[in-house]
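Below: one structure, written as structure tokens.
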Amino acid sequence: MRQSQIFGKTLREAPKDEVSVNAKLLERGGFIYKNSAGVYSYLPLGWRVLSKIADIIREEMNAISAQEMFMPALVEKKYLDATSRWDVGIGFEARGKKEKSANFVLGWTHEEVLTAIASKYINSYKDLPLAAYQIQTKFRNELRAKSGLLRGKEFIMKDLYSFHASESDFRNYYEIVKKTYLNIFKRCGLKTVYTLAAGGDYTAENTHEFHVLCPVGEDVVFVCLKCGYAENKEISKLNAGGKCSKCAGKIIKENAIEVGNIFPLGTKYSDAFNLNFLNSKGKKESVIMGSYGIGLGRTMGAIVETLHDDNGIIWPEFAAPYKFHLVELKNSNPVVKKEAEKIYKTCLDKGIEVLYDDRDDKSAGEKFADADLIGIPTRLVISEKTLSKNSVEIKNRKTGKINLLKISNIKNDKSFI
RNA sequence: CGGGGAGUAGUAUAGUGGUAGUACGUAUGCUUUGGGAGCAUAUAGUCCGAGUUCGAUUCUCGGCUCCCCGACCA
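Numbering (the working numbering), first residue to last: 2 to 418.
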């Protein structure tokens, strides 16, 4: 992608009022645009990041036999009436202009919708287990949207639901999802803690959350420094400075961003929708369910909150919008221009994702400042200076380390393959 | 939803009861090019409504929006 063409521009100054790091850097970098409080557009650069996160999630979901699907955002009242969740107060009612009262809500979760669908297709123990997920926009009437992507009125979420013939099969899958989630966040460059939490409107059982420790996070968790055991403050009996109930290690109290959660649902939803199956003895049983969520935008925000410096974002490899940021300096020199275009073409030919700063009206300083702000992991510079050594300069955004690579060696260099 | 703060050009800001200023951006031209370049010219603005007033961007009231704290929140 040529930077001169990209839809979205960097801003020199952070938008006034914005306090959270993710809002400042993502808006300045041209990743996102705030349409309303807690309602964001993803510009091409930001959408690439979100898509990278989605790719990671899809890969990991598919690896645990979860099938991707897509459900409606408009959820009819009958679904939530079945579980008495129509009046919960989280959602936005969707009323047609010609209707007197709302018969739909903009989906804020999809247990009911999917359970109703599943009840049509699951009849036998042979149909179980089953896991299905979607990546979709959820709508919640947050009375106070805040902190950029961390708390929105609408946000993109991956929601997975699983269906099992037995409690043990469910527990087994729950553990598999736990490991998968930890891996997803790791691949996104995040360190997460696995936290015991409450179930809210979803379930009476305890649930688990995945937290990124971070001062801007709204949750408060108690974490053991020794074994990593953690509990959400909502339900915790632990104390800061106290001893861990598992290993007697020291407990600390931290703010944290909840990027994911997993819920045992038992038979609450399956019973509400008559989701039963016949076991191998021909006897009717209720399906055991679980639900598992990841906030994609919140994950993106958490990455920015934890991976940045004074100059901008430092994207981890697998969430970065591009692999390389190719910067040409003094492109009025036709030789520089020609070599930069050649490297750009080499990247395109090899399928390497590259953002090419081909802007001819920007100074070197501005190009570097923008590169730091946008935060692509590797910066390549072509200039008269590097060409005098027949080289391209390679700079690591995270470490600041600089190397020169002979242009003649580019095609065989491992990072270009 | 309670409390606090803020709304002036695309962005960030200054200022005033009487023709609204600066910087950046953007446009054009020329000169520049290793850490947000220079000169010139141009471009563009007082959140909405009501009130007070000869006159309101400024004062008063109401509304809306944004940010922060709290409550709420898989």
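Glycine included, every Cβ here is placed at the ideal spot set by N, Cα and C.
Original post:
Do the stretch 283 to 291 and the stretch 158 to 167 meet, that is, are 3 or more Cβ pairs less than 8 Å apart?
Top reply: These segments touch.
Subject >> Distance between beta carbons of K227 and C245, contact taken as under 8 Å >> reply: Residue 245 sits at position 244 when you count from the first residue of the first sequence. Residue 227 sits at position 226 when you count from the first residue of the first sequence. The Cβ separation is near 6 Å, so the contact holds.
Original post:
Out of curiosity, what's the CA-to-CA distance linking I418 and L349?
Top reply: One-based indexing of the first sequence puts residue 418 at position 417. One-based indexing of the first sequence puts residue 349 at position 348. Those two C-alpha atoms are separated by around 11 Å.
**OP:** Go through the stretch 106 to 154 residue by residue and report every complete run of the alpha helix (DSSP H) that reaches 4 residues or more, in order.
**Re:** 112 to 122
**OP:** Quickly, what does DSSP pair R3 with across the bridge? List them, please.
**Re:** By one-based count along the first sequence, residue 3 stands at place 2. Bridge partners of R3: Y357.
Original post:
With a cut-off of 8 Å, do at least 3 Cβ pairs link the stretch 78 to 90 to the stretch 111 to 119?
Top reply: yes
Subject >> Buried versus exposed, by CB contacts within 10 Å (16 or more), S5 >> reply: Mapped onto the first sequence, residue 5 falls at position 4. Per the 10 Å Cβ criterion, exposed.
Original post:
DSSP state of R188, grouped into three classes?
Top reply: Here the question's residue 188 lines up with position 187 in the first sequence. Here R188 sits in helix by DSSP.
Subject >> Local Cβ density within 10 Å of Y43, reported as buried at 16 or more and exposed below that >> reply: Along the first sequence, one-based indexing puts residue 43 at 42. When all chains shown are included, Y43 counts as buried.
Original post:
Candidates I33, A372 and G296: which alpha carbon is nearest T110's?
Top reply: Walking along the first sequence from the start, residue 110 turns up at place 109. Ranking I33, A372 and G296 by Cα distance to T110 puts G296 first.
Subject >> Close-in-space but distant-in-sequence residues of the same chain around D361 (CB under 6 Å, 5 per side omitted) >> reply: Mapped onto the first sequence, residue 361 falls at position 360. Excluding residues within five positions, the ones whose Cβ falls inside 6 Å are N332.
Original post:
Near S120, what residues of its chain come up, given a Cβ to Cβ distance below 7 Å and the 5 sequence neighbours on each side ignored?
Top reply: For this step, residue 120 is matched to residue 119 along the first sequence. Answer for S120: F274, N275 and L276, listed in chain order.
Subject >> Spatial distance of E206 from Y230 (CA atoms) >> reply: Stepping through the first sequence from its first residue, residue 206 is reached at position 205. Stepping through the first sequence from its first residue, residue 230 is reached at position 229. CA-to-CA, the gap between E206 and Y230 works out to about 19 Å.
Original post:
Do I304 and L406 come within 9 Å of each other at the CB atom, strictly closer than that value?
Top reply: Position 405 of the first sequence holds residue 406. Position 303 of the first sequence holds residue 304. No, these two residues do not count as a Cβ contact at 9 Å.
Original post:
In its own chain, which residues sit with a C-beta less than 7 Å from the C-beta of G9, not counting the 5 before and 5 after it?
Top reply: Your numbering for residue 9 matches position 8 in the first sequence. Only G31, L44, P45 and L46 meet the Cβ criterion.
**OP:** Decide if R380 is buried, meaning its Cβ has at least 16 other Cβ atoms within 10 Å, or exposed.
**Re:** Locating residue 380 in the first sequence gives position 379, where the first residue counts as 1. Under this definition R380 is a buried residue.
Subject >> DSSP three-state assignment for T268, whether helix, strand or coil >> reply: Looking up residue 268 in the first sequence gives position 267. T268: coil per DSSP, three-state reduction.
**OP:** Helix, strand or coil for A1, going by three-state DSSP, please let me know.
**Re:** Because the chain spans 2 through 418 in this model, residue 1 falls outside it and cannot be assessed.
Subject >> Uninterrupted beta strand (DSSP E) stretches inside the stretch 266 to 300 (no shorter than 3 residues) >> reply: 277 to 279, 285 to 287 and 289 to 296
**OP:** Find out if the Cβ-Cβ distance for the pair Q137, F211 is shorter than 9 Å.
**Re:** Taking the first sequence and counting its residues from 1, one reaches residue 137 at position 136. Taking the first sequence and counting its residues from 1, one reaches residue 211 at position 210. Taking 9 Å as the Cβ cut-off, Q137 and F211 do not qualify as a contacting pair.
**OP:** Return the bridge partner residues of V382 from the DSSP annotation.
**Re:** Translated into positions along the first sequence, residue 382 becomes position 381. Per DSSP, V328 and E394.
Original post:
Roughly how many whole angstroms lie between the Cα atoms of M2 and G302?
Top reply: The sequence position of residue 2 within the first sequence is 1, counting from 1. The sequence position of residue 302 within the first sequence is 301, counting from 1. If I take the Cα positions, the gap works out to 24 Å.
**OP:** State the DSSP-derived secondary structure class of D160, mapped to helix, strand or coil.
**Re:** Within the first sequence, numbered from 1, the residue matching residue 160 stands at position 159. Note: D160 maps to strand in three-state DSSP.
Original post:
How is the beta strand (DSSP E) around S52 delimited, first residue to last?
Top reply: For the purposes of this step, residue 52 is identified with residue 51 of the first sequence, where counting begins at 1. It is not in any beta strand (DSSP E) - S52 instead sits in the alpha helix (DSSP H) that spans P45 to A64.
Original post:
Do the CB positions of I315 and G218 come within less than 9 Å of each other?
Top reply: As a working mapping, residue 315 is identified with position 314 in the first sequence. As a working mapping, residue 218 is identified with position 217 in the first sequence. It is not a contact, given that the beta carbons lie outside the stated cut-off.
**OP:** Count the CB pairs spanning the stretch 323 to 337 and the stretch 182 to 191 that are closer than 8 Å, and state whether there are at least three.
**Re:** A contact between stretches requires three or more CB pairs, one per stretch, nearer than 8 Å, and the stretch 323 to 337 fails this requirement with the stretch 182 to 191.
Original post:
Expressed to the nearest angstrom, what Euclidean distance is found between the alpha-carbon atoms of A55 and N184?
Top reply: Residue numbering aside, residue 55 sits at position 54 when the first sequence is read from its first letter. Residue numbering aside, residue 184 sits at position 183 when the first sequence is read from its first letter. Those two C-alpha atoms are separated by around 14 Å.
Original post:
Which stretch, first to last residue, makes up the beta strand (DSSP E) that contains N240?
Top reply: The residue labelled residue 240 in the question sits at position 239 within the first sequence. Neither: N240 is in no beta strand (DSSP E) and is coded neither H nor E.
Subject >> Candidates K180, R172 and L374, of which the one nearest E61 by Cα >> reply: The count along the first sequence starts at 1 and reaches residue 61 at position 60. The shortest C-alpha separation from E61 is found at K180.
Original post:
Quick one: what's E195 bridged to in DSSP?
Top reply: Reading the first sequence from its first residue, position 194 is the one you call residue 195. Here the sequence assigns Tyr to residue 195, which means Glu is not the residue at that position. Answer by DSSP bridge pairing, in chain order: F211.
Original post:
What whole-angstrom Cβ distance do P216 and D170 have, given they're in contact under 8 Å?
Top reply: Locating residue 216 in the first sequence gives position 215, counting from the first residue. Locating residue 170 in the first sequence gives position 169, counting from the first residue. Between D170 and P216 the Cβ distance is about 40 Å, and since that is not below 8 Å, they are no contact.
Original post:
Can you check whether the CB of R29 is closer than 9 Å to the CB of L51?
Top reply: On the first sequence, residue 51 is found 50 positions in, with the first residue counted as 1. On the first sequence, residue 29 is found 28 positions in, with the first residue counted as 1. Taking 9 Å as the Cβ cut-off, L51 and R29 do not qualify as a contacting pair.
Original post:
Excluding the five sequence neighbours on either side, which residues of its own chain have a C-beta within less than 6 Å of the C-beta of F93, listed in chain order?
Top reply: Taking the first residue of the first sequence as 1, we reach residue 93 at position 92. If we look at F93 and ignore the five residues flanking it on each side, its Cβ neighbours are L107, F140 and N142.
Subject >> Rounded straight-line distance, which links the Cα of D202 to that of G267 >> reply: As a first step, residue 267 must be located in the first sequence, where it is residue number 266. As a first step, residue 202 must be located in the first sequence, where it is residue number 201. As the crow flies, the alpha-carbon of G267 is around 13 Å from that of D202.
**OP:** Name the residue from R152, T307 and K363 whose alpha carbon lies nearest to the alpha carbon of K399.
**Re:** By 1-based counting over the first sequence, the position of residue 399 is 398. Measuring from the Cα of K399, the nearest candidate turns out to be T307.
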